[in-house]
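Below is one structure, written out as structure tokens; comments come after it.
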Amino acid sequence: MDIFICNKCFATLNRGQKPFYLTQCGHIYCYGCVQQAKKQCPQCQQVDIFALELQEPTISKVENFFTPLTESLETLNKVCGFQNSQMQITMQRFHEIDKKYEALKSHYYNLTQHMKVIRDKYTKLKMENSEQKKKLIELQSRSINSLSDASTPIKSVNQRIPKIRNLTNSSRLSYGTNILDHSFSVGRGRGMLEGFRIPKPHSIRLMRSRETSDTNSTYTFRP
Numbered sequence: 001m002d003i004f005i006c007n008k009c010f011a012t013l014n015r016g017q018k019p020f021y022l023t024q025c026g027h028i029y030c031y032g033c034v035q036q037a038k039k040q041c042p043q044c045q046q047v048d049i050f051a052l053e054l055q056e057p058t059i060s061k062v063e064n065f066f067t068p069l070t071e072s073l074e075t076l077n078k079v080c081g082f083q084n085s086q087m088q089i090t091m092q093r094f095h096e097i098d099k100k101y102e103a104l105k106s107h108y109y110n111l112t113q114h115m116k117v118i119r120d121k122y123t124k125l126k127m128e129n130s131e132q133k134k135k136l137i138e139l140q141s142r143s144i145n146s147l148s149d150a151s152t153p154i155k156s157v158n159q160r161i162p163k164i165r166n167l168t169n170s171s172r173l174s175y176g177t178n179i180l181d182h183s184f185s186v187g188r189g190r191g192m193l194e195g196f197r198i199p200k201p202h203s204i205r206l207m208r209s210r211e212t213s214d215t216n217s218t219y220t221f222r223p
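Under full-length UniProt numbering, the sequence shown has 40 at position 40, and the numbering climbs by one with no breaks.
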């Protein structure tokens, strides 16, 4: 630290009044000049400045200002190499991440296109399904109608048969027929059997009135 001088009286470290001081504005003054420099720096005219005493061992922050230039350059070279190596590692990692990002981006694009195709197929199948459901409903309704139409005649016939049987039985019980003569009218009897006609009350009365007078009658109605 013997390479600097007082910036006011220009006294060296060996000749000037010790200790020397370093101001916050970056100037060095000896003990005799520092009091005046604190009020106003003779070099930069800055007022009310702070001064730090230079003594062994010096503060690390101040020591860097007094390090020989060659050592500073060596240190700076090491710092520069270290920072460059770290920068290369960082850039390498960045390129790896960028490659992964591009791969994921391409994969995402392919998935998007595939999903679009699947979505179109889903929409098409959904429409076809709705159409098939409509057709199925129509076929079911037609089959139900056809079954109902086919069962209606059977039901009507089945309903008519008991009625006919009841009518014939009641006619036999109520009015009973007694075939005494084989010379009755065949056509008339056939028509009555085919039609299952039941005599009405007023016709029965007429037939009763004719029973005594008509000796050729083939049917006798009992009360």
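Beta carbons are placed, not taken as given, at the ideal position from N, Cα and C, and that holds for glycine.
In this text, all values refer to a predicted model and were calculated from it rather than measured experimentally.
Distance, residue j Cα to residue i Cα
i: residue 133; j: residue 102; result: 46 Å
i: residue 224; j: residue 105; result: Past the boundaries of the shown model lies residue 224; the chain is included only from 1 to 223, so the question cannot be answered.
i: residue 84; j: residue 93; result: 14 Å
i: residue 8; j: residue 96; result: 59 Å
i: residue 86; j: residue 77; result: 14 Å
i: residue 79; j: residue 61; result: 17 Å
i: residue 20; j: residue 50; result: 13 Å
i: residue 120; j: residue 107; result: 20 Å
i: residue 69; j: residue 98; result: 42 Å
i: residue 142; j: residue 150; result: 12 Å
i: residue 113; j: residue 131; result: 27 Å
Beta carbon of residue i nearer than 8 Å to that of residue j
i: residue 11; j: residue 30; result: yes
i: residue 22; j: residue 54; result: yes
Pick from the options that is closest to residue i, judged by C-alpha positions
i: residue 39; options: 125, 137 and 47; result: 47
Opposing strand residues paired with residue i [DSSP bridges]
i: residue 122; result: DSSP lists no partner for residue 122.
i: residue 29; result: 21
i: residue 89; result: In DSSP, residue 89 forms no bridge with anything.
i: residue 12; result: 5
i: residue 47; result: 40
i: residue 52; result: 22
| request: Would you check if the segment 32 to 43 and the segment 58 to 72 touch, i.e. whether three or more CB-CB distances between them fall below 8 Å? | output: no
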